[in-house]
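Peer 1: In the UniProt record's numbering, the protein residues as written are 1 to 203.
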Amino acid sequence: MAKILKIYPDNPQENLINEVIKTLNNGGLIIYPSDTIYALGCNIFDIKAMEKLAQIKKQKLEKSKFSIICNDLSHLSDFTRPIDTSVFRFLKSHLPGPYTFILEANKSLPLAYKGHKTIGIRVPDHSIPQLIVEKLGHPIASTSIRDDDEILEYSTDPELIAEKYDHLVDIVIDSGYGDNIASTIVDLTSGEPEIIRQGKGEI
Numbered sequence: 001m002a003k004i005l006k007i008y009p010d011n012p013q014e015n016l017i018n019e020v021i022k023t024l025n026n027g028g029l030i031i032y033p034s035d036t037i038y039a040l041g042c043n044i045f046d047i048k049a050m051e052k053l054a055q056i057k058k059q060k061l062e063k064s065k066f067s068i069i070c071n072d073l074s075h076l077s078d079f080t081r082p083i084d085t086s087v088f089r090f091l092k093s094h095l096p097g098p099y100t101f102i103l104e105a106n107k108s109l110p111l112a113y114k115g116h117k118t119i120g121i122r123v124p125d126h127s128i129p130q131l132i133v134e135k136l137g138h139p140i141a142s143t144s145i146r147d148d149d150e151i152l153e154y155s156t157d158p159e160l161i162a163e164k165y166d167h168l169v170d171i172v173i174d175s176g177y178g179d180n181i182a183s184t185i186v187d188l189t190s191g192e193p194e195i196i197r198q199g200k201g202e203i
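#1: Alpha carbon to alpha carbon, how far is Q198 from R122?
#2: Decide if P82 is buried, meaning its Cβ has at least 16 other Cβ atoms within 10 Å, or exposed.
#3: Compute the beta-carbon to beta-carbon distance between L24 and I145, rounded to the nearest angstrom, for a pair I have assumed lies under 8 Å.
#4: What separation, rounded to the nearest whole angstrom, lies between the Cα atoms of I128 and S190?
#5: Looking only at its chain, what residues have a beta carbon closer than 6 Å to the beta carbon of P98, apart from the 5 residues adjacent to it on each side?
#6: Is it buried or exposed, N119, if we count other Cβ atoms within 10 angstroms and call 16 or more buried?
#7: With distances taken between CB atoms, is the gap from C70 to P12 smaller than 8 Å?
#8: Would you mind stating whether D174 and P193 have Cβ atoms separated by less than 8 Å?
#9: Would you mind sorting L76 into buried or exposed? The rule is 16 or more other CB atoms within 10 Å of its CB.
#10: Nearest-angstrom Cα distance between K58 and V133?
#11: Please state whether the Cβ-Cβ distance between I171 and V20 is less than 8 Å.
#12: Go to L103, then tell me how far its beta strand (DSSP E) extends in each direction, as first and last residue.
Here it is in structure tokens:
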């Protein structure tokens, strides 16, 4: 059964964040809030956790395109090929924020991402995922939580989310109602921004 932790962005309790970190380090899966929607996350360096994440999404891991959640742009060079100054400035002017930026991947990707030519990078404008990544010491893999409802595309109520994913994840962070608009996906692989999916962020 998933453990529900009530953690709020204005005053995240350190002991609860530490519990989340311990779970991630032990291969657990979490559901966490962001500046857009609630999402599923795990340790990018734990291949078994990544496989579980893919199973929940009913995908094969090698075909999955999980975003990488960072707390700032310092991890970029760990996952992406060198980027132009103009692209870096563009990223810096939009992050943290409700965007997923597609960049060319380098060859040092974690095992679960091997063979991927591109990678999606997110830096949410939300203290909880930022704090998790900071304390974990490296980014987490992430994928959005979709809703079965025909009208609402994304789940917003953490209690309902916890009910649905009770036996699939280890921790659900309840931070109050989430948004139901996902991030804007922007492809920067050509050097010029190309909107792949219009979401919450304006370009």
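Backbone N, C-alpha and C fix where the C-beta goes; we use that ideal spot for every residue, glycine too. If you're wondering where the values come from, they're calculated on a predicted model, not measured in any experiment.
Peer 2: Walking through what the data contain:
#1: 15 Å
#2: exposed
#3: L24 to I145, Cβ: 17 Å. No contact.
#4: 32 Å
#5: D35, T36, S183, K200, G201
#6: The sequence shown places Ile at residue 119, not Asn. With 16 or more other Cβ atoms within 10 Å, it is buried.
#7: no
#8: no
#9: buried
#10: 26 Å
#11: yes
#12: 99 to 104
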